[in-house]
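Structure first, then comments.
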Amino acid sequence: MEGVSDPVWGRCGKKSRASLKALPLPTLGCKDLAQGQLLKELMQTPNFRITVVQEVDTVEICGALKNVVAVGAGFCDGLGFGDNTKAAVIRLGLMEMIAFAKLFCRGPVSSTTFLESCGIADLITTCYGGRNRKVAEAFARTGKPIEQLEKEMLNGQKLQGPQTARELHSILQHKGLMDKFPLFMAVYRICYESQPVGEFIHCLQNHPEHM
Numbered sequence: 576m577e578g579v580s581d582p583v584w585g586r587c588g589k590k591s592r593a594s595l596k597a598l599p600l601p602t603l604g605c606k607d608l609a610q611g612q613l614l615k616e617l618m619q620t621p622n623f624r625i626t627v628v629q630e631v632d633t634v635e636i637c638g639a640l641k642n643v644v645a646v647g648a649g650f651c652d653g654l655g656f657g658d659n660t661k662a663a664v665i666r667l668g669l670m671e672m673i674a675f676a677k678l679f680c681r682g683p684v685s686s687t688t689f690l691e692s693c694g695i696a697d698l699i700t701t702c703y704g705g706r707n708r709k710v711a712e713a714f715a716r717t718g719k720p721i722e723q724l725e726k727e728m729l730n731g732q733k734l735q736g737p738q739t740a741r742e743l744h745s746i747l748q749h750k751g752l753m754d755k756f757p758l759f760m761a762v763y764r765i766c767y768e769s770q771p772v773g774e775f776i777h778c779l780q781n782h783p784e785h786m
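Under this note's numbering, think of the first position of the sequence shown as 576, with each following residue one higher.
Here it is in structure tokens:
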């Protein structure tokens, strides 16, 4: 759209869009707030409510990293852990998302952006529904390869979580920061390095935030 600088949508996950069909709540990241407000006025309706933030990179990072956390939540479901354990995954995952954004975003990162729909709301929804959680649960229950489950369960759709975890591993290994993001790295190792999924609970128990 001419005259609009870097508009980026932070969308709720597919499950969220379906369950909130009457009131979708997307987050629009736009570096120029005035232009963002103009877009909001053009597109917002009583049943389509938009919030605008300036942190474009943060909105994009939330949309990517939530899927890695959702894989961890699916592992918990498949291993038979309860809601308290999943809540710990969400909390620790959110903390790693914020830490990653503060390290790698080009501009300032405000914790309030993570309270928008693109942040905690979408993260919770994705950790309780969506393809990444569902396939990760099946992986923990059956031991079948992720690729096989993807073909069997998703009707041609692709998982974002494992692939994003692999990209995170590459970045964090290069920067020497893998130990700062143990939840992300546990998802990577379980998906790609044959680490037993049962060891995921040790990641939560020994997370630096608990030390």
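Quick reminder that beta carbons are idealized off the backbone N, C-alpha and C, glycines included.
Buried or exposed (CB count within 10 angstroms, at least 16 for buried), residue i
i, result
"D754", "exposed"
"E774", "exposed"
"S769", "exposed"
"P601", "buried"
"P683", "exposed"
"C642", "Correcting the residue type first, residue 642 is Asn in the shown sequence and not Cys. Buried, by the Cβ-count rule."
"L603", "buried"
"L729", "exposed"
"F623", "exposed"
Contacts around residue i, its chain only, beta-carbon distance under 6 Å, and the 5 residues preceding and following it disregarded
i, result
"A715", "F650, G653, L654, V772"
"M760", "M753"
"M576", "Note on M576: pLDDT 43, under 50, position unreliable in the model; no value is reported."
Euclidean distance between Cα positions of residue i and residue j
i, j, result
"I721", "C766", "7 Å"
"A645", "L743", "15 Å"
"E671", "M618", "33 Å"
"G751", "L678", "13 Å"
"H782", "R708", "21 Å"
"F675", "T660", "22 Å"
"Y703", "G611", "30 Å"
"E784", "R681", "25 Å"
Short Cβ contact (8 Å threshold) for residue i with residue j
i, j, result
"T739", "A648", "no"
"V664", "L779", "yes"
"T633", "T688", "yes"
"Q629", "L608", "yes"
8 Å CB neighbourhood of residue i in its chain, flanking five on each side removed
i, result
"L724", "V710, A713, F714, T717"
"R764", "Q770"
"F656", "I776"
"E673", "In the sequence on display, residue 673 carries Ile and not Glu. Around I673: V684, S686, F689."
Presumed contact (8 Å Cβ cut-off) between residue i and residue j, rounded CB distance
i, j, result
"L698", "G668", "7 Å"
"S692", "T620", "Not confirmed; about 16 Å, so no contact."
Same chain only: Cβ atoms within 7 Å of residue i, ignoring 5 sequence neighbours per side
i, result
"Q732", "R706"
"A662", "none"
"F694", "One point to set straight first is that residue 694 is Gly, not Phe, in the sequence displayed. Taken in chain order, the residues that qualify are C637, T688."
Contact with chain C by residue i, beta-carbon distance below 8 Å
i, result
"L747", "Note that chain C does not occur in the displayed structure, where there is just one protein chain."
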